[in-house]
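Colleague:
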Amino acid sequence: TLGLQGDPNGATVGFEMIAPTLTEEAERLGLIKSQGDRILGRLSKQRAHKLSYLKGKMISRNVTMAFSSELAGVDGQHMLDIENLQEPNGSIGLSPSATAYFATYVKKGDVPSLKYLRQTLKPDGGQPNVSPFDIFEVAWSLWNLSLIPGIKNLPNLKPHLEFLSNAWKPKRGVAFSTEYSVRDSDDTVITYNALLRYGIEKDIASVLAYEEDEHFRCFDLEVNPSISANIHILDGLLNSGLTRRNSSVQKILRFLRSSRNDNHYWVDKWHASAYYPTAHVIIACAGTANDLVEDAVQWLIQSQNKDGSWGTYLPTAEESAYALQALWVWNEKVAKIPKRVMMNGARWLKENIDKPYPPLWIGKCLYSPQLVVRSAVVSAMTLTS
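Residue 96 in the numbering used here sits at position 77 of the sequence shown, with consecutive numbering throughout.
1) For a quick check, are the C-beta atoms of Asp94 and Met77 less than 8 angstroms apart?
2) Figure out for me which residue from Phe152, Val201, Leu41 has the closest Cα to the Cα of Gln105.
3) Can you tell me where the alpha helix (DSSP H) holding Leu183 begins and where it ends?
4) Note down the Cα distance separating Val226 from Val208, rounded to an integer number of angstroms.
5) How many angstroms separate the CA atom of Pro375 from the CA atom of Val125?
6) In its own chain, which residues sit with a C-beta less than 6 angstroms from the C-beta of Leu261, not counting the 5 before and 5 after it?
7) Note down the Cα distance separating Asp153 from Arg236, rounded to an integer number of angstroms.
8) Taking the C-alpha atoms as reference points, what is the distance between Ser322 and Ala45?
9) Enumerate, from N- to C-terminal direction, the unbroken alpha helix (DSSP H) stretches of 4 or more residues contained entirely within the segment 109-176.
10) Kindly identify the DSSP beta-bridge partner or partners of Glu230.
11) Alpha helix (DSSP H) containing Gln274: first to last residue?
12) Grab me the residues of Ser278's own chain with a C-beta within less than 7 angstroms of its C-beta, minus the 5 sequence neighbours each way, in chain order.
13) Would you report the Cα separation of Tyr211 and Arg66, rounded to the nearest angstrom?
14) Which residue comes first and which comes last in the alpha helix (DSSP H) that contains Thr207?
15) Report buried or exposed for Thr20, applying the criterion of at least 16 other Cβ atoms within 10 angstroms of its Cβ.
16) Verify whether the separation of the beta carbon atoms of Trp349 and Ile301 is less than 8 angstroms.
17) Using a Cβ-Cβ cut-off of 7 angstroms (strictly less than) and excluding sequence neighbours within five positions of Thr83, which residues of its own chain qualify?
18) Using three-state DSSP, classify Leu50 as helix, strand or coil.
19) Less than 8 angstroms between the C-beta atoms of Tyr294 and Tyr341, yes or no?
20) Check this for me: beta carbons of Ala117 and Ala85, under 8 angstroms apart or not?
21) Might you give, ordered along the chain, the residues of its own chain that have their beta carbon closer than 6 angstroms to the beta carbon of Tyr199, omitting 5 neighbours on each side?
22) In this structure, what does DSSP give as the bridge partners for Ile381?
23) Could you pull out every residue in the same chain whose Cβ sits closer than 8 angstroms to the Cβ of His234, ignoring the five residues on either side in sequence?
24) So what's His290 in DSSP terms, helix, strand or just coil?
25) Among the residues of its own chain, which have a CB less than 6 angstroms from the CB of Ser292, if the five just before and after it don't count?
26) In chain order, what residues of the same chain have a beta carbon less than 7 angstroms from the beta carbon of Cys384, not counting five sequence neighbours either side?
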């Protein structure tokens, strides 16, 4: 657990909920010796804190904890609202692992669960972190492409825009999938922003519904806020016509200023790379709150590798695309970026566009949403061509 404390992103999704159950099971099976407070003490406290948000209610498909239903183990199934836990597609929280737990320990051999698991099974025998995430895929991809000047009238985009528009529920927004019951601010505001950039306006009240005293929450019952969700909400509020003087805009700016790393960049719980939130906050603030991100722009320039790439652990097309998107927007709206930075980055990206994209997104494991990453790469390539 010391390694987890040293990770700026924290743990994978639901780790504090599931790890105590797995540790107890491993101890019972004799796979590990008693871990005592070394693991169970701290994590059990975190899990108890999270469960306290339920205020005595059970875990159903209407709360995010359904995604981590494995936490109930063999002895904790009293926490589960079993008759209201499944989604209509047979899954538990659109999580193959939670669904497998349900079909093994809760409703053994449950037919809808097994059908869902067969549908999500990959040719190599593996299962995805989550499935499906159709709204997330389309919304993020359209947002990336919307940065390209002149793309808004392409007829090929129409069915995808209609899909997002039809999924929107006034005063509620969207979830990451049409098959998921829990809505969130991040998918809601990215969808809002993507549609708005293509000339389709939805109600901003759906975004403002997530406002808290000092920031905007991503999900109901969350323990720690998402920095990237607040960045995207800032972008959405500014694009909706609100100014820097607006109280909600001011709130997010204060939150982002206080959550910035000493090295002038941001990290987030949904992505392993600092380039993702940092690039997005530069895009959101360019021309409106330059003072917040000027040092971050310099960090992007200075952290470019000699070969023109960017990368936290190794050079990646995804992170290089984020950096180029942000620098292009800054160059257009605020101040000129050295040509060599853009040219070297574009050259490296062109040479590496088709290489595998390492998993950098944080779920129950690290994963790579291929279409979303590809859209960022295509966007950056087009902007710098």
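Ideal placement from N, C-alpha and C gives every residue a C-beta, glycine not left out.
Modeller: So, to answer that:
1) no
2) Val201
3) 177-186
4) 6 angstroms
5) 38 angstroms
6) Val268
7) 22 angstroms
8) 43 angstroms
9) 115-120, 130-139, 153-165
10) Phe235
11) Just to set this straight, residue 274 is Phe in the shown sequence, not Gln. Taken as a continuous stretch (DSSP letters only), the alpha helix (DSSP H) holding Phe274 covers 266-278.
12) Ile246, Trp285
13) 33 angstroms
14) 204-216
15) Confidence is the limiting factor: at Thr20 the pLDDT is only 49, short of 50, which leaves the residue's position unreliable, though a coordinate-based value still follows. Flag for Thr20 reads exposed.
16) yes
17) Val201, Phe238, Leu240
18) coil
19) yes
20) yes
21) Leu113
22) Leu385
23) Pro244, Asn249, Lys270, Ile271, Phe274
24) strand
25) Thr331, Glu338, Leu379
26) Thr31, Asn148
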